[in-house]
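See structure below.
2 protein chains.
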Amino acid sequence: MQINKNSSVIDRPGLEARALVIKAMAHPTRLFIIEELSRGKKCVCELTEMLGVDVSTVSKHLSVLKSVGIVKDEKKGLMVFYTLIMPCLLPFMNCIARVLNQDETTSVNPCSCNNCK
Amino acid sequence: MQINKNSSVIDRPGLEARALVIKAMAHPTRLFIIEELSRGKKCVCELTEMLGVDVSTVSKHLSVLKSVGIVKDEKKGLMVFYTLIMPCLLPFMNCIARVLNQDETTSVNPCSCNNCK
DNA sequence: TTACTATTTGCTAATATTACCAAATATAGA
DNA sequence: TCTATATTTGGTAATATTAGCAAATAGTAA
């Protein structure tokens, strides 16, 4: 996403930057990666095997996460290990998961997850 | 986004559903709307005036947020008021904002926002 | 009824995202 | 050096998202 793509976009400070971080999370494969990395660092090859998609696809997803500061990478020999460096994403994902598990009433009743109380 | 678009997508339970909620947030205009609604319900016309974009654009952003259960709507006369029903999104957004405000070191150092501690 | 206002919906062009293949790069070991 | 492995990068086709216009819908009031 481009920053300030045109003048009609509201530019409340940090809005576009925050949207970039959230957009980086907004893909099932990248959510999976975030969850896996929350259990500890993993190399690209491990994630690729778990995901069952092309390694170049995994690499690009990781670069999206890295570009917004959600993960960092670290080279060891031939392998590159990725680490989650923004763990505050996890309680948020759990909150969403709890809300979604409330079956059919989810979309009309106020959120009742722990964070929302 | 389609659910289970093909067989190579990992189907850890709830992954796609969570991605849909996060994707609904992943736009500067919708983040703005979420922030504004966190201060209280607002009608489409109020949001439209604040945003300075076409009312149909605002209406469509609101329908994205509604479809995943982030907001609910309520008709009063000619006007439709929207209410935030998933306030647990706010601490998450604050966390991201704090991380982003840590200037140039953000993308290489572990998150140190309150949630991540 | 007609007129007016608020909102939603249908449509379209512009833009962005995605997955994969193929090629490039980087590192290790023989 | 040559070979093999791990990862990234470039390119491309398919798909998805977006904004705004125009038209449709819904509610109010004369």
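Residue numbers (my numbering), protein chains in the order written: chain A, 1 to 117; chain B, 1 to 117.
Yeah, the Cβ is synthetic: ideal placement off N, Cα and C, and Gly gets one too.
Length of the line joining the Cα atoms of residue i and residue j
| i | j | result |
| --- | --- | --- |
| residue 72 (chain B) | residue 81 (chain B) | 8 Å |
| residue 33 (chain A) | residue 58 (chain A) | 9 Å |
| residue 2 (chain B) | residue 54 (chain A) | Residue placement at residue 2 (chain B) is flagged as unreliable, the pLDDT there being 31, under the threshold of 50; a coordinate-derived value is accordingly withheld. |
| residue 30 (chain B) | residue 38 (chain A) | 28 Å |
| residue 46 (chain A) | residue 17 (chain B) | 24 Å |
| residue 43 (chain B) | residue 42 (chain A) | 46 Å |
| residue 36 (chain B) | residue 76 (chain A) | 46 Å |
| residue 12 (chain B) | residue 52 (chain B) | 40 Å |
| residue 64 (chain A) | residue 97 (chain B) | 18 Å |
| residue 94 (chain A) | residue 50 (chain B) | 32 Å |
| residue 40 (chain A) | residue 91 (chain B) | 24 Å |
| residue 68 (chain A) | residue 68 (chain B) | 24 Å |
Neighbourhood of residue i by C-beta distance below 6 Å, restricted to the same chain and skipping five residues each side
| i | result |
| --- | --- |
| residue 14 (chain B) | none |
Residues that residue i bridges to, as DSSP identifies them
| i | result |
| --- | --- |
| residue 79 (chain B) | B:76 |
| residue 43 (chain B) | B:81 |
| residue 71 (chain A) | A:84 |
Nonlocal neighbours in the same chain, by C-beta distance under 8 Å from residue i, ignoring five residues either side
| i | result |
| --- | --- |
| residue 70 (chain A) | 21, 24, 25, 34, 84, 85, 86 and 89 |
| residue 66 (chain B) | 72, 73 and 82 |
| residue 8 (chain B) | Since pLDDT at residue 8 (chain B) reaches only 43, below the 50 mark, its modelled position is unreliable, and the value read off the structure follows with that caveat. No residues qualify anywhere along the chain. |
Beta-carbon proximity of residue i to residue j, cut-off 8 Å
| i | j | result |
| --- | --- | --- |
| residue 19 (chain B) | residue 61 (chain A) | no |
Neighbourhood of residue i by C-beta distance below 7 Å, restricted to the same chain and skipping five residues each side
| i | result |
| --- | --- |
| residue 78 (chain B) | none |
| residue 48 (chain A) | 55 and 58 |
**OP:** Give the residues from the segment 73-100 of chain B that approach chain A closer than 8 Å (Cβ to any Cβ), ordered along the chain.
**Re:** 85, 86, 87, 88, 89, 91, 92, 93, 95, 96, 97, 99 and 100
**OP:** Give, in chain order, every residue of the segment 16-29 of chain B whose Cβ lies closer than 8 Å to some Cβ of chain A.
**Re:** 16, 17, 18, 19, 21, 22, 23, 25, 26, 27, 28 and 29
Original post:
If you measure beta-carbon to beta-carbon, which residues of the segment 34-59 of chain A are closer than 7 Å to chain B?
Top reply: Answer in chain order: 51, 52 and 53.
Original post:
Which residues, taken in chain order from the segment 61-72 of chain B, show a beta carbon closer than 7 Å to some beta carbon of chain A?
Top reply: 69 and 72
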